[in-house]
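Following the numbering used here from start to finish, the sequence shown increments by one per residue and tops out at 305.
Report on the following structure.
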Amino acid sequence: ILKFNDDAKFAERVPPAVRGDEIWCQLFSEPSSGSDSAGIRTASVKQGDEWVINGQKVWNSGAAHADYGLLITRTDPDQPKHKGLTAFWLKMDTPGLEVRPIHTMGNDSELNEVFLDDVRIPDDQRVGAVNDGWSVVLATLMNERAAIGQSNGLTWSDMMDLASTVETDDGTVMDDPAFRDLIADLHVDLEARRLIGFRILTAISRGESPGPEGSAAKLLWSGGTQTMMSEALDMLDHYGLIQESELSPRAGAWQQRFLWSCGLRIGGGTDEIQKNIIAERVLGLPPDVRVDKGVPFREIPSGR
Numbered sequence: 002i003l004k005f006n007d008d009a010k011f012a013e014r015v016p017p018a019v020r021g022d023e024i025w026c027q028l029f030s031e032p033s034s035g036s037d038s039a040g041i042r043t044a045s046v047k048q049g050d051e052w053v054i055n056g057q058k059v060w061n062s063g064a065a066h067a068d069y070g071l072l073i074t075r076t077d078p079d080q081p082k083h084k085g086l087t088a089f090w091l092k093m094d095t096p097g098l099e100v101r102p103i104h105t106m107g108n109d110s111e112l113n114e115v116f117l118d119d120v121r122i123p124d125d126q127r128v129g130a131v132n133d134g135w136s137v138v139l140a141t142l143m144n145e146r147a148a149i150g151q152s153n154g155l156t157w158s159d160m161m162d163l164a165s166t167v168e169t170d171d172g173t174v175m176d177d178p179a180f181r182d183l184i185a186d187l188h189v190d191l192e193a194r195r196l197i198g199f200r201i202l203t204a205i206s207r208g209e210s211p212g213p214e215g216s217a218a219k220l221l222w223s224g225g226t227q228t229m230m231s232e233a234l235d236m237l238d239h240y241g242l243i244q245e246s247e248l249s250p251r252a253g254a255w256q257q258r259f260l261w262s263c264g265l266r267i268g269g270g271t272d273e274i275q276k277n278i279i280a281e282r283v284l285g286l287p288p289d290v291r292v293d294k295g296v297p298f299r300e301i302p303s304g305r
């Protein structure tokens, strides 16, 4: 909204979100549009001063608790898939919108499906220009990756503390040379993320959107977090399998975070997508072959 709307809309929507008075979610991914972020099939049709929207979204974090959503729709199927998209914001209690939580292996329901059945949104809730929704998608995902790449939770220091308390035949896990090599590598990645974070903040302070450095930070964070959680479960042995119990350190938090970490390499763009971004935008390598380039979206075959 800051980037694509006027000052009045910014003053109306952004301060409550920054204060935490209003919770927002992203309504991007669909059953047939995950890594292919432009393959959106949720349709919006203009009727007077309103848009009528029909479709389905999935894997939406926090949608069941959100007050508002940022929605990407297909407004012109006769244009190539990256050019016929339009973004809107909407209230999550809008008539015709249904949220269904998805229970995951991490024993939570943070992810959701969202169904839109003749949902009506006024045109003044549009974000950016009609058919320029791909710009909104890119700006949002770049900021999301930058934020994800600086996230914490259970940290490197927490792992150090755990290793200092888990006993082995030769002392503690911290005394194991192989483990010390591992935590040294993780610390190098942590420092790289910190420096990338400064680069991202510098870009934002200049009024720019985060670039491919956000992809690098996300790769370091998602891979490093999964490695760290896996190593922690190895240290805990069978106690690491016990969830939400005093028998497991931190009441099973390491196990829960391990299960959660598996999705880090998917959400916000998979590892493969991040590597493609770095390859093309940093290393200057040729892009992947696209057979749908320039083809009207309605002519692109869909999976059944």
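All C-beta atoms in this analysis are idealised placements derived from N, C-alpha and C, irrespective of residue type, glycine included.
Looking only at its own chain, which residues have a Cβ that is under 6 Å from the Cβ of residue 213, when we skip the five neighbours before and after it? 278, 279, 282, 283
Taking the C-alpha atoms as reference points, what is the distance between residue 260 and residue 178? 27 Å
Straight-line Cα distance separating residue 229 from residue 125: 46 Å
Where does the unbroken beta strand (DSSP E) through residue 113 begin, and where does it stop? 112 to 123
Just the C-alpha distance for residue 180 and residue 222, rounded to the nearest angstrom, thanks. 19 Å
Cα separation between residue 5 and residue 42? 23 Å
Go ahead and label residue 48 buried or exposed: buried means 16 or more other beta carbons lie within 10 angstroms of its beta carbon, across all protein chains shown. exposed
Whole-angstrom distance between residue 295 and residue 108, CA atom to CA atom: 43 Å
C-alpha distance - residue 215 paired with residue 192, whole-angstrom precision: 15 Å
Thinking C-beta only, is residue 51 closer than 9 Å to residue 2? no
Between residue 128 and residue 71, how many whole angstroms is the CB-CB distance? I'm expecting something under 8 Å. 7 Å
Kindly identify the DSSP beta-bridge partner or partners of residue 89. 72, 127
Do the CB positions of residue 60 and residue 117 come within less than 9 Å of each other? no
Nearest by alpha-carbon distance to residue 37: which of 171, 175, 82, 54 is it? 82
Cβ pair residue 94, residue 132 closer than 9 Å: no
Around the Cβ of residue 106, are there at least 16 other Cβ atoms within 10 angstroms (buried) or fewer (exposed)? exposed
How many angstroms separate the CA atom of residue 62 from the CA atom of residue 24? 11 Å
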